[in-house]
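2 protein chains.
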Amino acid sequence: MKLYMNDRSGNAYKPRLLLSMLNVPYEKVMVDTRAGDNRKEAFLKLNPRGQIPVLEDDGRVFWGSTAVLVYIARKHGGEKWLPTEPAAVAEVMQWLELAQNELHYGLQWARGVLNKIKTGNLEEYQGYGRRGLAVLEGHLGSHDWVALGRPTIADVACYPYTSLAEEAGLPLKNSPSVVAWISRFEALPGWVKRI
Amino acid sequence: MKLYMNDRSGNAYKPRLLLSMLNVPYEKVMVDTRAGDNRKEAFLKLNPRGQIPVLEDDGRVFWGSTAVLVYIARKHGGEKWLPTEPAAVAEVMQWLELAQNELHYGLQWARGVLNKIKTGNLEEYQGYGRRGLAVLEGHLGSHDWVALGRPTIADVACYPYTSLAEEAGLPLKNSPSVVAWISRFEALPGWVKRI
């Protein structure tokens, strides 16, 4: 199993976390996105969207953090990290949707503007990010985990950009339940630092 | 089964299409997003993100088009519209990810600006939308369907905003494979018009 990634990317951090938590060995292939390697022909053949992460396994290629998490969880996590029963899988997917929307084009994009790796409307992005954090805070006030009452890929998907909210200019001091969840997540066996 | 929706929403159109194609009866609950009903307390209790679609079934509530499609497909579509085998489900999810990213905050947001229901940077949104269309065109040049060689929820998720690309200011005349796929999709049993 080969993971195309780099150490800075929050989206690539998601499968790195899951692979480590599931104790699955894999080969890291570094993609220097700041040098534009993700926009070169060789990489675009793997992923026409020009983004990391990309996972290669048994001759198959999957792009995008959601698809890659789903693949790893279904192949190596049994029913635990992504179940197959309709209501359970939908509950997990609904939070991966938050991760791909308010957390991604909110928290990540605001962070990208502040870190000068992206242009765009900081206030617009921070507005989405703030809404995403409020949804998480509202939920985690009465739940230990994002979905199903246990760690799933919903936590793995929501954690990276939420834990980096300060870099998006959105301090977590008013989100105590999110802060407590971040601590619980970081105490899980197999948790690894991003950099 | 209750679907919170309105007739204009492309995201609510996704479950409407799947429910019709699977011949599943459901109750429509209209949410007037232009009047701001999605930002009122009663609706926010169902979905703190303040968006449609929302699905209520057997006392459970799911928000977001991806989670709702996954629920309906797993409950009523067997292995056909969303399989459970790792590589197959990941292949479908990778295209739902395109639908939630380049197609959503590209095509849909550009359309929203042009239709004056959203503010934002039209050129930025059209840039993402153009990239999403190029990825679809590249794939559909050699595939009849978006994933697995048959209709799945990947087609259902990608179809609404792609078929409305003209309203995003992005004509489809240079995307002949996308146009042919739209025709195939609209010929499927159970396909319904949005409005």
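In order, the protein sequence lines correspond to chains V and H.
Position 72, counted from 1, in the first sequence is what numbering that gives the first Met the number 0 calls 71; the numbers after and before it change by one each time, with no gaps.
Position 77, counted from 1, in the second sequence is what numbering that gives the first Met the number 0 calls 76; the numbers after and before it change by one each time, with no gaps.
Even glycine gets a Cβ: it sits at the ideal position worked out from N, Cα and C.
- Three or more Cβ pairs drawn from the region 157-172 of chain H and the region 96-115 of chain H lie within less than 8 Å of each other, which places the two stretches in contact.
- CA-to-CA, the gap between leucine 2/H and glutamate 96/V works out to about 18 Å.
- Near chain V, meaning a CB-to-CB distance below 9 Å, the residues of the region 114-126 of chain H are Thr118, Gly119, Asn120 and Glu123.
- According to the DSSP secondary-structure assignment, tryptophan 62/H is paired through a beta bridge with Val53/H.
- When C-beta distances to chain H are compared with 7 Å, the residues of the region 23-54 of chain V below that value are Pro47 and Arg48, in chain order.
- Per DSSP, the continuous alpha helix (DSSP H) segment holding glutamate 185/H begins and ends at 175-185.
- Taking leucine 81/V as reference, the option from Trp180/V, Met20/V and Ile152/V with the minimal CA-CA separation is Ile152/V.
- With contacts defined by Cβ atoms closer than 8 Å, alanine 146/H and glycine 128/H do not form a contacting pair.
- Its chain contains Leu97 and Glu101 as the residues whose beta carbon lies nearer than 8 Å to that of valine 134/H, once the 5 sequence neighbours on both sides are disregarded; these appear in chain order.
- With respect to leucine 169/V, leucine 106/V sits close: the two C-beta atoms are nearer than 8 Å.
- Within the region 0-13 of chain H, no residue has its Cβ closer than 9 Å to any Cβ of chain V.
- Cβ contact annotation for methionine 0/V (same chain, cutoff 6 Å, sequence separation greater than five): Tyr25 and Asp56, in chain order.
- Residues of chain V whose Cβ lies closer than 9 Å to the Cβ of arginine 129/H do not exist, since the nearest Cβ in that chain is about 12 Å away.
- When C-alpha distances from arginine 33/V are compared across Arg7/V, Lys192/V and Lys74/V, the shortest belongs to Arg7/V.
- The beta carbon of histidine 142/H is closer than 8 Å to those of Gly148 in its chain, skipping five residues each way along the sequence.
- Between glutamate 84/H and the set Glu84/V, Met92/V, Lys74/V and Ala89/V, the nearest pair of CA atoms involves Lys74/V.
- Residue pairing by DSSP places valine 191/H in no beta bridge whatsoever.
- Assigned with DSSP and collapsed to three states, methionine 92/V falls in helix.
- A residue is called buried when at least 16 other Cβ atoms come within 10 angstroms of its Cβ; alanine 11/V meets this threshold and is buried.
- Take glycine 189/H, set aside five residues on each side of it, and the residues of its chain with a beta-carbon closer than 6 Å to its own are Ser19 and Met20, in chain order.
- The beta carbon of glycine 140/V lies closer than 6 Å to those of Ser176 in the same chain, with the five residues before and after it left out.
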